[in-house]
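This report refers to the structure that appears directly beneath it.
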Amino acid sequence: MLRRLIVPAIAFAGLVIASAALSALLRTIPPTPNPPSLLQPEIPPPVVSDRSPVRGALSLSGSALPNGGLFILGDPIRLHIDQRPTRVRYRLTDAYGPADWTINGEIFESDGQIQVDPTGGAWLVLPTDRLTRYGFYRLDLFTDQGELQDLRIGLVDPIIRLGPDSPSPLGFIIAIDPYPGFAAQIAHLGIKWVHFDIPVDTDSSVLEALTPSVQSFVSEALSSDITPIFKLIGGAPPGARDYNSAFYQNLRRVAQAYREQVHNWIVGNEIDGCGWWQPCDFNLYVTFLRGVAQVIRSVDPSARILAADLYQGDSQVLRLMLEEERRDPGFTLFDVLSVHYLEEGSGEGLSPDGCCGSINTYLQVMQSYGVMKPVWNTEALSPLRGGIHWRPEESSYFRGGQVVPLLSPAKTLVGNLAVGAKKVFFFSYNYDQSLLDGNPARILTERALAVRALADQLQSAVYYGRISEAPSFVEGHLFKNGEETILVIWSNEGNRDIEAVANGINGPAVLFDPLGNRYPLQTINGRTKFRIHYEPQYLRGFTSLPSLTFGDPTNDPPYFISSPITAAVVGRPYFYNAEAYDPDPTGQPNSLVQVTYSLEQGPPGMQLNPDNGILQWIPQQAGRFAVRLRARDPQGASSVQEFEILVSSGSQNTPPVITSQPRTVFTSVGLPFAYNINAMDPDGDPVTYRIRSGPTWLSLDTQTGFLYGIPSSTGAFPVVVQATDTRGASAEQSFVLQVSPPQGAVPPAITSGPTAIPLATVAVIRWQTSQPADSRVRYGQNCDNWERTVTQTEWVVEHAVGLPGLSPQTTYCYEVQSVNSNGASEAKRGTFTTLSRESQVYLPLIARTGRSP
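All residue numbers for the sequence shown refer to my numbering, where the first residue is 81 and numbers rise by one.
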């Protein structure tokens, strides 16, 4: 975390690290004014007692929200309070962006249930089955015993379990366990890896790993589907050179205690700059690294050793490590090169300007020694609130001007994967000392929810490559989830947006916003339009690789993307959040197209909010009622949504309505498929779920509707799920799961080339592969004795690798190889002869990391 920049007097390193990271993750959000109620007069107002409620009279048991304020959309929110009210009313207000920003937001108000706790207090049960949007909400509670307002919560899906050593690239840094339940809390954000500091500066300090707090955190992490990593930090102990010393005996005790739980160990911290590592002796560090690796592997042969959290790029200590490994090829000194930040020039912005080495520098040094290791970024640039790259002038395009960091979590993760990092650990540092001192805040932020959204979208996807031929301020990256294509795209300038047109999409394209809400897009004549803005979005649902064009000048009308609720019951509130999407840019900084809504036809008493599209009504009689809504942009272009609501009497049973859709229907053998089915019942009856038909590897929680399974074979699998109320009425939903071979199981076939383009002292080798893979070329004058190897880690399908250090008029043999994420590869050989210096010609070709599709 660039600790070398911190004033040396800051001695409480562990607390500083944890407080900084968590403060940014769970920053306290200032209170916002109460939004106006959108309910009709017939619905009881929020105050449910005869006296005015006392603000703050209610208190949460334990003073904190469970799971850091994250709850499952569609399931009831359960809160334990110290009081025992008899009635509760609750209001949920979409709180993403400024306090007064409600465009495309949701405001929902209803009555909850109260379950008295015999041991004291009561449980408030607050249904969310009528809500359809994920994200960041303000929760206000009103009871006959007072109020509790301005709680910040998130509505998300259940966590998808990936198992130990998961394919997810998403990690997080802590130094201490801040409070009980922290591991479970960050697990709800989709974090799958955590590294945890263990001091080793004395012979006995490593035994801190055996304390109850560490043991508890590791157990909680594993039960929460997080892979824990021990980071040995502080400096080489006095007995580092003596492999029989007390330190190594104590380390063995720790390794034996965690043999079944901890299989990943980071050794050191910013060794090249001596950041929190003393004495600053590079040779001693390499000696210590070898001793640690020997002890750990003697206990756990499958353990992975990560070294040495570097940040400078080329360095003496890196070369010493590589020399040691080359000197003894029978012993693996380390398995992963761990680094802090990555500097990739002005286009990436993955680190503070000029601070750090690039991934290509690390790779070039490793190539020069013939020792190649994967690179993990174990301290990525502040993706959460605050941090080194804080720029107040940058603002969120997505929801109307909220100030955000330069790099959102998605930009940090995707940018690191694009340059070749295999894992990315989030860390947020801020030089504001007030954020470092004291206890970490525990209030949820929308930035934390953005982490969860990108985890849901990308945690099992494979990086494919960059988009090409985009405007300079637009950045886009392609991923593959089985056969499905995922495009992650954003504007790098906070005051510029643009319309994009995707051509050649071969499936139903769905755009997901930064918090995971779906926007089904229209495709007309093979063209799918959408708006690119500062916040990253995810376009998926198809298998083709679309071509993109930018800047369509046509003004397109907004169109409805929400599905209406078409069933209601006499006397019960009807609620529908109508939402329309406009793909046009605004031409104004930090703004959205102002879509307004109007109710052109509807039954008496029905009311529509013109700004956010919330439609409410309390039916007074049974029957069929026609409704027509219109969405209009500022230029007057509009579209209509027409539907009919069937209202039944209280004596009739109305079937439930399934309000959710799968995020994706694509997966691969060995990777989980999950879908949280949500249904609401107009009568308020409890709903249970079952699988009507589907593959045997799918299972379903009948009470919550969580569908989960890990496919064991490829194919197209029809699935039918059913939601049934307690009186037997039901609704069904069907879809087809597309299961492809395991990610990377099929080698990337070389479909074209390789072709050599030689000059006098350099050559470029070009080839194409059937799937994204890295680029490796071995070459020399003897095909049985390769002299050099060049490796480029960016996954591409069109490969171009430059070979330096050649002699004029000399024949060389070369072998190209492309290795995918699963280690599968294909190789081909060829020869070329370099030109003489006199006949050398200029070729307008520069080989770089590879051109993306």
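Positions of the beta carbon are idealized from the N, C-alpha and C atoms, including for glycine. Keep in mind it's a predicted model, so treat the numbers as computed, not measured.
Same chain only: Cβ atoms within 8 angstroms of residue i, ignoring 5 sequence neighbours per side
i: T565; result: Y544, L558, F559, R620, F622, T623, S624, L625 and P626
i: D283; result: P317, P318, G319, S325, A326, F327 and N330
i: M401; result: V366, L369, A387, A388, L413 and F414
Residue nearest to residue i in terms of C-alpha spacing, selected from the options
i: L493; options: D322, D230 and S248; result: S248
i: D237; options: T208, G251, D245 and A255; result: T208
i: Y654; options: D761, E615 and L817; result: D761
i: P798; options: L817, Q696 and K503; result: L817
i: Q295; options: A335, N561, L269 and G314; result: A335
i: A829; options: I837, G795, N583 and V877; result: V877
i: A907; options: N900, S916, V896 and L915; result: V896
i: E867; options: G500, S855 and P884; result: P884
i: D781; options: Y755, D763 and P791; result: Y755
i: S731; options: F753, F746, Q701 and S718; result: Q701
i: R576; options: G631, E350, R339 and P381; result: G631
i: Q696; options: S190, K491, R167 and R158; result: S190
i: V416; options: Q358, R407, C435 and P454; result: P454
i: I194; options: A175, R167, R210 and S792; result: R167
i: R546; options: R527, G215, V499 and F506; result: V499
Own chain partners of residue i with C-beta closer than 6 angstroms, once the 5 adjacent residues on each side are dropped
i: P738; result: The residue you asked about is not Pro; residue 738 is Ile in the sequence shown. These residues qualify, in order along the chain: A759, A803, A811 and Q813.
i: T913; result: T891
i: S642; result: A658 and E659
i: D765; result: D805 and T806
i: P699; result: A648, V650 and V727
i: L751; result: S540
i: S748; result: G562, S820, P822 and Q823
i: F362; result: Q396, V397 and L400
i: Y323; result: G371
i: N349; result: I313, G355, W356, W357 and D389
Segment limits, alpha helix (DSSP H) that includes residue i
i: T441; result: I439 to Y449
i: Q937; result: Because the chain in this structure spans residues 81 to 933, residue 937 falls outside the shown range and cannot be described.
i: V842; result: From DSSP, V842 is part of no alpha helix (DSSP H); its letter is neither H nor E.
i: K491; result: P489 to V499
i: E956; result: With the chain covering 81 to 933 only, the question about residue 956 has no answer from this structure.
i: Q295; result: P292 to S303
i: Q374; result: F362 to V379
Residue i, enclosing beta strand (DSSP E) - first and last residue
i: Y769; result: V767 to S773
i: P834; result: I830 to P838
i: S779; result: L778 to L780
i: N583; result: I578 to N583
i: E189; result: I187 to D191
i: I457; result: Reading the sequence as shown, one finds Asn at residue 457 and not Ile. Segment V455 to A460, the beta strand (DSSP E) holding N457.
i: I152; result: L150 to I152
i: S898; result: T891 to V899
i: R710; result: G703 to R712
i: A811; result: S810 to S820
i: A202; result: A202 to L206
i: T39; result: There is simply no residue 39 to check, as the chain begins at 81 and stops at 933 in what is shown.
i: P156; result: Segment: none, P156 is in no beta strand (DSSP E) and carries neither H nor E.
i: E564; result: E564 to S571
Close Cβ partners of residue i (< 7 angstroms) along its chain, the five nearest in sequence each way excluded
i: S141; result: H160, I161, D162 and G201
i: S850; result: P828, A829 and T831
i: T173; result: P115, I187, Y217 and R218
i: G703; result: V727
i: Q35; result: As shown, the chain starts at 81 and ends at 933. That puts residue 35 outside it, with no answer to give.
i: G910; result: P834, A836 and Y894
i: T603; result: I585 and A589
i: A937; result: This structure does not reach residue 937, given that the chain is present from 81 up to 933, and the question cannot be answered.
Residue i at chain D interface by Cβ criterion, 8 angstroms
i: S792; result: Of the protein chains in the structure, only one exists, and it is not chain D.
Check: residue i C-beta below 7 angstroms from any heavy atom of the ligand FMN
i: Q225; result: The ligand FMN is absent from the structure shown, which contains no ligands of any kind.
Length-filtered (3 minimum) beta strand (DSSP E) runs lying within the segment 529 to 561: 542 to 546 and 554 to 561
Uninterrupted beta strand (DSSP E) stretches inside the segment 598 to 679 (no shorter than 3 residues): The DSSP assignment places complete beta strand (DSSP E) segments of no fewer than 3 residues inside the segment 598 to 679 at 598 to 600, 607 to 612, 617 to 622, 627 to 630, 647 to 649 and 654 to 657, in order along the chain.
Meets three-Cβ-pair contact criterion under 8 angstroms: the segment 778 to 787 and the segment 711 to 719: no
Meets three-Cβ-pair contact criterion under 8 angstroms: the segment 818 to 827 and the segment 855 to 863: no
Ordered list of beta strand (DSSP E) runs contained in the segment 227 to 271, each at least 3 residues: 250 to 254
Meets three-Cβ-pair contact criterion under 8 angstroms: the segment 226 to 234 and the segment 147 to 155: yes
Contact the segment 264 to 280 vs the segment 300 to 310: 3+ CB pairs below 8 angstroms: yes
Runs of beta strand (DSSP E) lying entirely within the segment 716 to 766, each at least 3 residues, in chain order: The segment 716 to 766 contains these whole beta strand (DSSP E) runs: 718 to 728, 746 to 748 and 753 to 756.
Three or more C-beta pairs below 8 angstroms linking the segment 741 to 751 and the segment 684 to 699: No: fewer than three Cβ pairs fall under 8 angstroms.
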